[in-house]
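Below is one structure; the comments refer to it alone.
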Amino acid sequence: MLKLDRTSVDAPPCLADYNHPTHEWSDFRGTCKKQLRFALVQLQGIDGVTTEDAAEYGVRCAYCEGAIFHEGHIEHFRRKNPDHFPELTFAWSNLFLACGSTQHCGHHKDRRSAPAYDSGLLIKPDEHDPEHYLYFHSSGKVLARNNLSDHENSCATETIRVFGLDNPALEGARANAVRSYRKMHDADLSEIASWSDAERDAYFRGEIEATRWLPYATTIRHFLQK
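Going from the sequence shown to the numbering used here is simple: count from 1 and add 70.
And the structure:
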């Protein structure tokens, strides 16, 4: 799950032209929707984002960190339907760029058959630091971190459940993301072990920086930091 700084990007001005109940989400399209998607791409902090073509960049789902190859899904963190938070339909603070999977993330969260959940218990990427709550193991598993308060543990476990972050396909993708590091040859490991602490730290920092925009970068980082 990405950590996003909402204050780093301004909402598209055209978003203010839409409001509930005057407009429905289906009314929101064309140029303004493209501008919103561009702003959500910029929210990821990727260097060099200068055009509205998200396919140029290493854009990832805000929730699972999977690659977004096309436009992605503009996702409402709090549900926009009439029984939940329709007043947040066009609220900049409620919108994220997510993958289009129906097995996890935004579509999974708000599917018709989804069990009820309390959105107040979910980790919100622009308000909370997922790093504090979640540990992504090199096996692909995602776990609530140790030593959390009862409330924090509830947030972590509910976020995993509601977004389907424990989906087997996601676990496999995360495990695959670190496979090249797990399969390092003994000679490579022996060489790294011979380095000074400062040299090893510099190497791992460099690898973390080099992979920071890759899909499932948090899993790679957690593996290299252990």
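A virtual CB, placed ideally from N, CA and C, is assigned to each residue, including glycine.
Computed from a predicted structure; not experimentally measured.
Checklist entry - If you scan the segment 133 to 184 from start to end, which runs of the beta strand (DSSP E) of 3 or more residues do you find wholly inside it? => result 143 to 146, 165 to 168
Checklist entry - Is Ala132 closer than 9 Å to Glu145 when the C-beta atoms are compared? => result What you label residue 145 is simply residue 75 of the sequence shown in a count that begins at 1. What you label residue 132 is simply residue 62 of the sequence shown in a count that begins at 1. Against a cut-off of 9 Å, the Cβ pair of Ala132 and Glu145 comes out as a contact.
Item to check | DSSP state of Ala186 mapped onto helix, strand, coil | outcome: Here residue 186 refers to the residue found at position 116 of the sequence shown. Reduced to three states, the DSSP call for Ala186 is coil.
Item to check | Burial state of Gly234 (16 or more Cβ within 10 Å) | outcome: Here residue 234 is taken as the residue at index 164 of the sequence shown, counted from 1. Gly234 should be labelled buried.
Checklist entry - According to DSSP, is Arg99 helix, strand or coil? => result Stepping through the sequence shown from its first residue, residue 99 is reached at position 29. Coil at Arg99, not helix or strand.
Item to check | Three-state secondary structure assigned by DSSP to Leu204 | outcome: Taking the sequence shown and counting its residues from 1, the one referred to as residue 204 is at position 134. Reduced to three states, the DSSP call for Leu204 is strand.
Checklist entry - In whole angstroms, what separates the C-alpha of Leu167 from that of Asp267? => result As a first step, residue 167 must be located in the sequence shown, where it is residue number 97. As a first step, residue 267 must be located in the sequence shown, where it is residue number 197. The straight-line gap from Cα to Cα measures roughly 39 Å.
Next on the checklist: Quick check on His178: buried or exposed, where buried means 16 or more other Cβ atoms within 10 Å of its Cβ?
Outcome noted: For the purposes of this step, residue 178 is identified with residue 108 of the sequence shown, where counting begins at 1. Buried, because 16 or more other Cβ atoms sit within 10 Å of the Cβ of His178.
Checklist entry - When you compare only the Cα positions, how much space is there between Gly170 and Asn217? => result For the purposes of this step, residue 170 is taken as residue 100 along the sequence shown, with counting starting at 1. For the purposes of this step, residue 217 is taken as residue 147 along the sequence shown, with counting starting at 1. Gly170 and Asn217: Cα-Cα distance of roughly 33 Å.
Checklist entry - Rounded to a whole number of angstroms, what is the C-alpha to C-alpha distance between Ala272 and Asp87? => result For this step, residue 272 is matched to residue 202 along the sequence shown. For this step, residue 87 is matched to residue 17 along the sequence shown. Near 49 Å, if we compare the C-alpha coordinates of Asp87 and Ala272.
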